[in-house]
Amino acid sequence: MRAAHTVQNLKEVADFRVTPHNRLFSADGQEILAGWTTDIYFIKTREILRAMGLAGTEVVAEVFAGKRGVLAGVPEVKNLLAGTGVEVWALPEGEWFGEKEVVLRIHGPYDRFGIYETAILGILASSSGWATAARQCKEAAGNKRVICFGARHVHPAVAPVMERAAVVGGADGASCILGAKLAGQEPVGTLPHAVMLIVGDTLEVALAYQRTMPAGTPVIVLVDTFKDEAEEAVRVAQTLGKDLAAIRLDTPSERGGVTPALVREVRARLDQAGYKHVEIVVSGGLTPERIQLLDQAGADAFGVGSYISGASPIDMTMDLKEVNGKPVAKRGRIPGITPNPRLQRIL
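Numbering-wise (this note's numbering), the sequence shown opens with residue 165 and increments by one.
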């Protein structure tokens, strides 16, 4: 539902009160729609243009990218601008874009959308950064699965945005419940070390997992909590047999992390014991380079966290390119609409 009111002037800003002691610090949807996350100079711009009778000036604005990447965040921008009466064109979400390529174009009265420039650029910049990192991981993994485990590395307000963007970029799944649901999927994940430590035995947890989870849930068991990973993997496989879908390696950096040698040993010992069907899922500090090495060693799926969640936003810039049908531009830019046949009308 759209906010019935957007920030109109500096007086409203001055009168606006928040109480940090009894709320989460993230903006909710209505606060974003109302314009409370915009840069203050857009409110000043609104006041000046209205005072001069120019708020309804017809303009064309273009958003271009600072470097190459994978576009994400388009549906969110569409939702933000829906009902404003402006026309919007964008590259399809999930597409690669080039440096300086126009990824979004808006046509309409400036006052209808100017207040949202900050939010539009932030949505596209962050989402595209995360999507690009996920695409790099997926390209490294080839036809093997990449699951985004990055929610714990970012503020919970943006965790679902990040994990949805990862799926747009190419991740096969996401662990954050809301992020996966926004991407049209069901969340994916195994178990944390906490349950192993509370129960005190990996095998007991594995048996409880098998008994407790809904029918059809793949049984994937962590094997690095107490014992040697290869020994624990075989022990679990011998108990669960064909019901064990995979083991997960998440060896901490204090023990050297998950190495290609470890993956090769676990794979060989499972195979020798007759459990070739058991897959190996790896996680912990993965990068595209490490994914390639672990893939070659025999890993079957990859849980990626900080490489995706910590990806830098891809700078996005919005420029006015037409005012009342006349080509314009700031110094250093070319006046007029930038041709891009890849743009598609979304509003």
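Glycine is no exception: its CB is placed at the ideal position from the N, C-alpha and C atoms. Small disclaimer: the values here were computed from a predicted structure and weren't measured.
Taking 4 residues as the shortest admissible run, the stretch 325–354 contains the following complete alpha helix (DSSP H) segments, listed from N- to C-terminal end: 341–346. Given a length threshold of 3 residues, each whole run of the beta strand (DSSP E) inside the stretch 260–336 is given here in chain order: 266–273 and 309–312. Judged by DSSP in its simplified three-state form, residue 403 adopts helix.
When the five nearest sequence neighbours on each side are left out, the beta carbons in the same chain lying within less than 7 Å of the beta carbon of residue 277 are those of 245, 248, 250 and 270, in order along the chain.
Judged by DSSP secondary structure, residue 481 falls within the beta strand (DSSP E) whose first and last residues are 480–487. Its chain contains 211 as the residues whose beta carbon lies nearer than 6 Å to that of residue 173, once the 5 sequence neighbours on both sides are disregarded; these appear in chain order. Nearest in C-alpha terms to residue 489, of all of 438, 186 and 222, is 222. The residue from 180, 317 and 302 with its alpha-carbon nearest to that of residue 332 is 302.
Only residues of its own chain outside the window of five on either side were considered, and among them 190 have a CB closer than 6 Å to the CB of residue 321, listed in chain order. Judged by their CB atoms, residue 504 and residue 252 are not nearer to each other than the 9 Å cut-off. The beta-bridge partner set that DSSP reports for residue 253 consists of 269 and 509.
For residue 439, the CB contacts under 7 Å within the same chain, skipping 5 residues up- and downstream, are 401 in chain order. Following the DSSP letters along the chain, one finds residue 431 in no beta strand (DSSP E) but inside the alpha helix (DSSP H) bounded by residues 424–436. Residue 467 is bridged by DSSP to 311 and 447. Runs of the alpha helix (DSSP H) spanning 4 or more residues and lying entirely within the stretch 354–412 occur at 357–363, 366–376 and 393–404, in chain order. Across the set 509, 188 and 198, the C-alpha of 198 shows the shortest separation from the C-alpha of residue 282. The Cβ atoms of residue 310 and residue 455 sit closer than 9 Å to each other. In this structure residue 177 touches residue 204 by the C-beta definition: roughly 7 Å separates them, less than 8 Å. In this structure, residue 449 sits near residue 417, with a CB-CB distance shorter than 9 Å. Taking a cut-off of 8 Å for Cβ pairs, the stretch 383–399 and the stretch 359–371 touch, as three or more such pairs fall below it.
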